[in-house]
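End of the sequence shown = 409 in the UniProt record's numbering, gap-free, step of one.
For each residue, glycine too, the CB sits at the ideal point set by N, CA and C.
First up is the structure itself, then whatever we jot down about it.
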Amino acid sequence: MLNGLWLGFFIVAAVSAMAQWLIGGNAGIFAAMVESIFAMAKLSVEVMVLLFGTLTLWLGFLRIAEKAGIVDWLAKALGPLFLRLMPEVPAGHPAIGLITLNFAANGLGLDNAATPIGLKAMRALQDLNPSPTIASNAQILFLVLNASSLTLLPVTIFMYRAQQGAPDPTLVFLPILLATSASTLVGLLSVAFMQRLRLWDPVVLAYLIPGALVLGGFMALLATLSATALAGLSSILGNLTLFGLIILFLVVGALRKVKVYEAFVEGAKEGFDVAKNLLPYLVAMLCAVGVLRASGALDFGLDGIRHLVEWAGWDTRFVDALPTAMVKPFSGSAARAMLIETMKTSGVDSFPALVAATIQGSTETTFYVLAVYFGAVGIQRARHAVGCALLAELAGVVAAIGVCYWFFG
C-alpha cells in the first residue's frame, strides 16, 4: 500500500510536469522539481534533529511512569471498564496493562513509541483468540480505539510547529483535544453498535458519564470565550499540562523510590533507537510530497476541490489542509510530510496549517494500523474493523475543521 502511494506521488508529478512543459511551455518545471527534492531532503534532517530529542525525552519520562507504577495503577483503574468492553479478556490479563500503556503513549502523541507497545498488546489478545485468522471483538475494539487517535497531549505536533518557527507551538492543544474526543467517541459507539456492547451497563456509565459531563461543561465554558481568549487558553493549558505531567512523573517516581535519572536514561535510549529508524521514511515521503507540489499536481487537485466548495457556498480556507486528511488513513509519514509542507508553504500559523495540524493530531493511519497490527498476528478477516475505524477517521477530520473555524476562523 505504501509502495503504491509513494510511487503514485512521483508518477502523478511526472505526468503533471510533462503537461506543463509540452502544453504550457514551462521548461523550468523540471529544475523546480529537482530543487524541491534536495530542499526536502535537507528539511527532513532538520525535522529529524528535533524529533530525536522529542522521542528521547518522552520515552524517558514514560519509563519513569512505568517503573513508578503509574501505568499499573491506570490498568487497575480502567480494569472494570475493559472487563465490560472486552468481556473475553480475563481480569488481570497482561493485555490490559499493555493496552493501557499503548493508550498512554498515544495520549502523549508518541505514535511511533505506541506502535511497538500496541503490537505486544495485539499479540497478547491473539493468545485469547479462538479463531487465529479472524479478528476477535477485543482486537477490533483495540484497533478502532487506536485508529481514533485519542491524543490528550500531542507533543509531536507541538514539535513540528516549533521546528517551523511557531511562536506558540501549543496553540492547537484544545482544538486537537476536542477533535480527537469526537473521533474516539464515534469509534467507540460504532464498535459498540456492531458488537452489541452494553454501554448502558452501570460500570460503563460510571466511566463515560463523568467524562461526558466534564467535556460538555468544558465546551460550554469555551463557547463563552472569544477567539482570542480561546487561543490564549489553549496555549496556557497546553504548556501547563505538558509541564505538570513531567512533574507528576518525577514526584511519583521519587516517592516510589525509583531512580528517576537512571529510569529516564533507560527509556531515552529506547527513544533514540525508535527515532533513528524514522529518517529514511521521512526523507522518502517529504521528497515525494515536495515533487508533487513543485509539479503543480497538488495545486491542480486542490483547485478542483476549492471550486466545488465555492459552488456549495462554503468557505474555502480549509481546502489547503485536505492533503493531510487524504493521505492520513494510508501513511503517517506521508501525512506528516503533507503537514510540514503545508506549514512551510502557507505559514506555520496560517489557517490551513492550523487545520492540518489539528487533523494530524486527531486522526490515525487506519490502513497502516490495520495492516501492521493484524498482519503481525496473522489476522486475515478484519470483520467490521475497517468500517468502524474509517468512520472514526472521518469524524476526526470533520471535527478538526469545525473546531478550527470555532477557534481561529
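Item                                                                                                  : Value
CA-to-CA distance, Asp201 to Arg84, given in whole angstroms                                          : 8 Å
Status (buried if at least 16 other CB within 10 Å, exposed otherwise) for Gly118                     : buried
Limits of the alpha helix (DSSP H) - the one that Ala395 falls within                                 : Ala385 to Phe408
Span of the alpha helix (DSSP H) around Lys76                                                         : Ile70 to Leu85
Beta-carbon proximity check, Phe193 vs Ile64, cutoff 9 Å                                              : no
Beta-carbon proximity of Ala297 to Ala121, cut-off 9 Å                                                : no
Gly304 versus Ala288 - alpha carbon distance                                                          : 21 Å
Residues near Leu221 by beta carbon distance below 7 Å, same chain, minus five either side            : none
Given Leu354 as reference, the closest of Ala182, Met338, Leu141 and Val15 once Cα atoms are compared : Met338
Rounded distance between the beta-carbons of Ser362 and Ala389, thought under 8 Å                     : 14 Å between Cβ atoms; not a contact.
Any 3 or more C-beta pairs closer than 8 Å across the segment 158-171 and the segment 44-54           : yes
Three-state secondary structure (DSSP) of Ile134                                                      : strand
Contact between the segment 135-152 and the segment 182-198 (3+ Cβ pairs under 8 Å)                   : yes
Under 9 Å between C-beta atoms of Val71 and Thr100                                                    : yes
Per-residue burial, Asn146 [other beta carbons within 10 Å of its own, 16 or more giving buried]      : buried
Glu341 - containing alpha helix (DSSP H), residue span                                                : Gly332 to Ser346
Under 9 Å between C-beta atoms of Gly378 and Pro132                                                   : yes
Integer Cβ distance of Leu394 from Ser190, believed to fall under 8 Å                                 : About 11 Å; that fails the 8 Å criterion.
Selection from Phe318, Gly53 and Val386 that minimises the alpha carbon distance to Thr366            : Val386
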